[in-house]
Every structure is written in C-alpha cells, then in structure tokens.
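Under our numbering, think of the first position of the sequence shown as 705, with each following residue one higher.
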Amino acid sequence: MSAKVWLVGAGPGDPELLTLKAVKALNQAEIVMIDDLVNPAVLEHCPDARIVPVGKRGGCRSTPQAFIHRLMLRYARQGKCVVRLKGGDPCIFGRGSEEADWLAEHGIEVEMVNGITAGLAGATNCGIPLTLRGVARGVTLVTAHTQDDSSLNWPALAQSGTTLVVYMGVAKLPDIRESLLAGGMRADMPVAMIENASLPHQRECRSNLASMQQAAHDFQLKSPAILVIGEVAAQQQIQALAEIA
Ligand code: SAH
Numbered sequence: 705m706s707a708k709v710w711l712v713g714a715g716p717g718d719p720e721l722l723t724l725k726a727v728k729a730l731n732q733a734e735i736v737m738i739d740d741l742v743n744p745a746v747l748e749h750c751p752d753a754r755i756v757p758v759g760k761r762g763g764c765r766s767t768p769q770a771f772i773h774r775l776m777l778r779y780a781r782q783g784k785c786v787v788r789l790k791g792g793d794p795c796i797f798g799r800g801s802e803e804a805d806w807l808a809e810h811g812i813e814v815e816m817v818n819g820i821t822a823g824l825a826g827a828t829n830c831g832i833p834l835t836l837r838g839v840a841r842g843v844t845l846v847t848a849h850t851q852d853d854s855s856l857n858w859p860a861l862a863q864s865g866t867t868l869v870v871y872m873g874v875a876k877l878p879d880i881r882e883s884l885l886a887g888g889m890r891a892d893m894p895v896a897m898i899e900n901a902s903l904p905h906q907r908e909c910r911s912n913l914a915s916m917q918q919a920a921h922d923f924q925l926k927s928p929a930i931l932v933i934g935e936v937a938a939q940q941q942i943q944a945l946a947e948i949a
C-alpha cells in the first residue's frame with residue numbers, strides 16, 4: 705500500500721458499523737489522519753499507527769483543508785501507508801472527492817472505502833424506514849450549511865414526496881422550518897431529530913415541522929444531529945439490533 709492514500713469512511717460512531725474493508729485498511733495503516741466525528745474506539749484496529757487528528761471542532765480553529773492535503777501528500781510521498789479516516793461516508797458531505805481529486809492530481813493513488821452515513825444509521829437506529837413503501841418514494845440527503853450561502857430549492861424539496869434527511873442542520877433549524885413551511889410543506893409533517901446516532905448516548909426527539917424549533921430547544925438538541933423530515937418520521941418500527949450477542 706505504498707504511495708497510496710485510503711480514504712475511509714468510519715461510519716456514524718458505533719465501531720461495529722465499520723466495514724470489513726475499513727478494518728483491513730486500518731490494520732495496514734502507518735498513518736491515520738482522523739476527523740473529529742470519528743469515534744476513537746475504531747482506532748483499536750490500528751494500534752501501531754501514528755494518529756494525526758485533523759478535525760475542525762473542539763473549540764480550535766479549523767485545520768485548513770490545504771494543510772490536510774499537503775500533509776496527506778507528504779506522508780504518501782514518504783511511502784507511508786496513509787488512511788484518511790472520515791466520519792460516516794467520505795463522500796456524503798465529507799469532502800472525500802475533493803481530497804481524492806487533489807491527491808490524484810499529485811500522482812498519488814487513492815482508494816475510497818464507503819462508510820455508513822449518519823443519516824441512514826440514525827434513521828435505522830430509531831426505527832424509521834426512510835423509503836417505506838407506499839409512504840415515501842425516495843430519500844433526499846441535504847445540508848443546510850453551504851459554503852457560499854446559496855439556498856436549496858426548498859419548495860421543490862417540500863413537494864418532492866421524498867423523506868428529507870438534513871445534515872448540519874442544528875444551527876439552521878429556524879431557516880429550515882421557515883423555508884419548508886413557505887415551500888408548502890404541511891405544518892404537522894413529522895420530524896425526528898437524532899443526536900449522536902448509533903452511539904451509546906444517542907438521543908432522539910420527535911416533533912413536527914411547525915414545532916421542531918421549540919422541541920429542539922426544549923430537548924437541548926446538540927450537534928452532531930440529523931433531521932429526518934417526512935411522513936416516515938412518525939414511524940417507530942422494531943429497533944435495529946444494536947448488538948449481536
Ligand atoms: N460524512 C459524514 C457527514 C459529515 S457532515 C457522514 O456521512 O455521516 C457532519 C454532519 O453529519 C453533522 O453536522 C451531523 O449532521 C451529521 N452527523 C455525523 N455523525 C453523526 C452522528 N453520529 N449522529 C448524528 N448526526 C451525525
């Protein structure tokens with residue numbers, strides 16, 4: 705695995721949701737560059753690797769993306785086996801493709817390994833079937849947080865008949881609520897807000913579109929959380945098996 709960077713999804717938090725391929729890459733890694741949302745418990749699969757945190761949270765200033773790029777390149781050029789470990793899936797609001805393109809432009813081989821994205825894990829852990837037959841004809845993953853402040857086409861989303869899964873939405877709840885109401889979504893459309901999905905301290909708050917902001921406030925909803933907006937958010941089907949004994 706020399707002069708190669710593995711862009712690996714670490715899943716939503718539960719270490720048992722890592723893929724076998726992710727475990728294989730971690731086993732071989734010499735350098736592991738991790739984001740904040742990665743559960744450190746997954747590092748048990750790379751006890752001898754050097755761990756390089758490059759997260760953007762924790763009160764520190766962001767690690768600039770350009771710095772992360774250069775660091776990956778430097779390690780890869782040293783012939784090290786580098787794993788760039790990202791929360792969830794590397795390409796779902798994770799800049800995985802930007803990093804892959806940049807490395808490829810600099811002659812580094814890249815291999816991408818999927819991870820289970822937080823939106824899917826959160827819904828499943830709360831018994832919400834995102835595309836329940838006869839209820840939701842699809843699912844749309846969106847972020848409320850944009851680099852350029854451009855706006856989503858909220859009326860189209862409101863009327864799409866698909867379940868909406870919103871990432872990075874906690875700070876934008878008032879905007880999301882207003883935009884969907886203005887776009888024609890029913891005020892009593894069910895909403896589920898899921899914090900720390902798949903982790904032991906996962907919490908969920910059920911509400912509806914009109915009251916979700918107040919509900920989140922009362923619940924003291926904190927990031928990381930995903931919002932599931934749509935008819936299926938009223939479902940509470942049999943819980944996924946959290947652990948297989
Ligand atoms: N690539 C990641 C998403 C990164 S964007 C993935 O595929 O899951 C960061 C956002 O993801 C957070 O603001 C939150 O909305 C969501 N998120 C990540 N981990 C989460 C978790 N364990 N529980 C709930 N939301 C999570």
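By construction, the Cβ of each residue, glycine as well, lies at the ideal position given by its N, Cα and C atoms.
Model, not experiment: these values are computed from the prediction.
What first and last residue would you give for the beta strand (DSSP E) that runs through residue i?
i, result
"Leu-856", "Unbroken run through Leu-856: none, as it is neither H nor E."
"Val-736", "735-738"
"Met-776", "Unbroken run through Met-776 is the alpha helix (DSSP H), 769-781; no beta strand (DSSP E)."
"Val-709", "708-713"
"Arg-881", "Counting along the chain, Arg-881 falls outside any beta strand (DSSP E), though it belongs to the alpha helix (DSSP H) covering 877-886."
"Leu-789", "785-790"
"Val-843", "843-847"
"Leu-931", "929-933"
With distances taken between CB atoms, is the gap from residue i to residue j smaller than 8 Å?
i, j, result
"Gly-783", "Ala-707", "yes"
"Gly-800", "Leu-861", "no"
"Asn-912", "Gln-906", "no"
"Ala-891", "Ala-914", "yes"
"Leu-836", "Gln-940", "no"
"Gly-792", "Ala-822", "yes"
"Ala-929", "Ala-896", "no"
"Val-817", "Met-776", "no"
"Ala-733", "Val-787", "yes"
"Val-727", "Val-756", "no"
"Pro-768", "Asn-743", "no"
"Gly-717", "Pro-794", "no"
"Leu-747", "Ser-902", "no"
"Leu-885", "Gln-917", "no"
Taking all protein chains shown into account, do 16 or more other C-beta atoms lie within 10 angstroms of the C-beta of residue i, making it buried, or fewer, making it exposed?
i, result
"Val-932", "buried"
"Arg-881", "buried"
"Lys-790", "buried"
"Leu-724", "exposed"
"Arg-754", "exposed"
"Ser-883", "buried"
"Glu-908", "buried"
"Pro-894", "buried"
"Phe-797", "buried"
"His-749", "buried"
"Ala-875", "exposed"
"Arg-778", "exposed"
"Gly-842", "exposed"
"Asn-857", "exposed"
"Ser-854", "exposed"
Which whole-angstrom value describes the C-beta separation of residue i and residue j, a residue pair presumed to lie in contact below a C-beta threshold of 8 Å?
i, j, result
"Thr-844", "Leu-868", "5 Å"
"Ile-812", "Ala-780", "5 Å"
"Gln-851", "Gly-888", "About 27 Å separates the two Cβ atoms, so there is no contact after all."
I need the boundaries of the alpha helix (DSSP H) containing residue i, first residue and last residue.
i, result
"Glu-803", "800-809"
"Thr-828", "822-829"
"Leu-832", "The sequence given here places Ile at residue 832; Leu does not occur at that position. Segment: none, Ile-832 is in no alpha helix (DSSP H) and carries neither H nor E."
"Met-816", "Looking at the DSSP string, Met-816 is not in any alpha helix (DSSP H); the run it does join, the beta strand (DSSP E), is 813-817."
"Ala-920", "916-923"
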